[in-house]
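See below for the structure under consideration.
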Amino acid sequence: YEPCSCEFADNINRWCDASVVEKIEKELPQRLENLTKALQLETRNLTSAKLKKISAADPRPSAKAVGAVGAILLTIFFGGMLAMDYVFLSGLAKSVFKACCIVLQALSNKIRGTGPN
Numbered sequence: 006y007e008p009c010s011c012e013f014a015d016n017i018n019r020w021c022d023a024s025v026v027e028k029i030e031k032e033l034p035q036r037l038e039n040l041t042k043a044l045q046l047e048t049r050n051l052t053s054a055k056l057k058k059i060s061a062a063d064p065r066p067s068a069k070a071v072g073a074v075g076a077i078l079l080t081i082f083f084g085g086m087l088a089m090d091y092v093f094l095s096g097l098a099k100s101v102f103k104a105c106c107i108v109l110q111a112l113s114n115k116i117r118g119t120g121p122n
């Protein structure tokens, strides 16, 4: 190999030395690990992560219309479910009310000492 006379000659000669290469190969994994740790970012603190949790206001009329349609559909859906169960729910409410009245009447009679024990 011909000796080099360029400005990089010192670096080339250094890399030709086996002991330097060995030393660098031993140090390289630790240096890479340190660099990796130094370059890691806390993703929770990034603006992009914070913005994922925030709803942005949308003043467009089409966005308001879509929101209104969604609210109406949800109201119809849940209102329909309640309407279908109205008969059952009203009967259940009456039964619970009657049972509460009977229990309260029995407790009242027991406190007064009247009626069956």
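Residue numbering for the sequence shown follows our numbering, beginning at 6 and increasing consecutively.
C-beta atoms are modelled at their ideal positions from N, C-alpha and C, and glycine is treated no differently.
Separation of residue j from residue i, as counted between CA atoms
{"i": "lysine 99", "j": "lysine 55", "result": "50 Å"}
{"i": "lysine 103", "j": "leucine 97", "result": "10 Å"}
{"i": "valine 108", "j": "leucine 87", "result": "29 Å"}
{"i": "threonine 48", "j": "glutamate 32", "result": "29 Å"}
{"i": "alanine 62", "j": "glutamate 30", "result": "55 Å"}
{"i": "phenylalanine 82", "j": "serine 67", "result": "22 Å"}
{"i": "alanine 39", "j": "valine 71", "result": "A small fix is needed here, since residue 39 is asparagine in this sequence, not alanine. Near 51 Å, if we compare the C-alpha coordinates of valine 71 and asparagine 39."}
{"i": "asparagine 114", "j": "methionine 89", "result": "39 Å"}
{"i": "phenylalanine 13", "j": "glutamine 35", "result": "26 Å"}
{"i": "leucine 78", "j": "lysine 69", "result": "14 Å"}
{"i": "cysteine 106", "j": "isoleucine 116", "result": "15 Å"}
{"i": "proline 64", "j": "asparagine 50", "result": "28 Å"}
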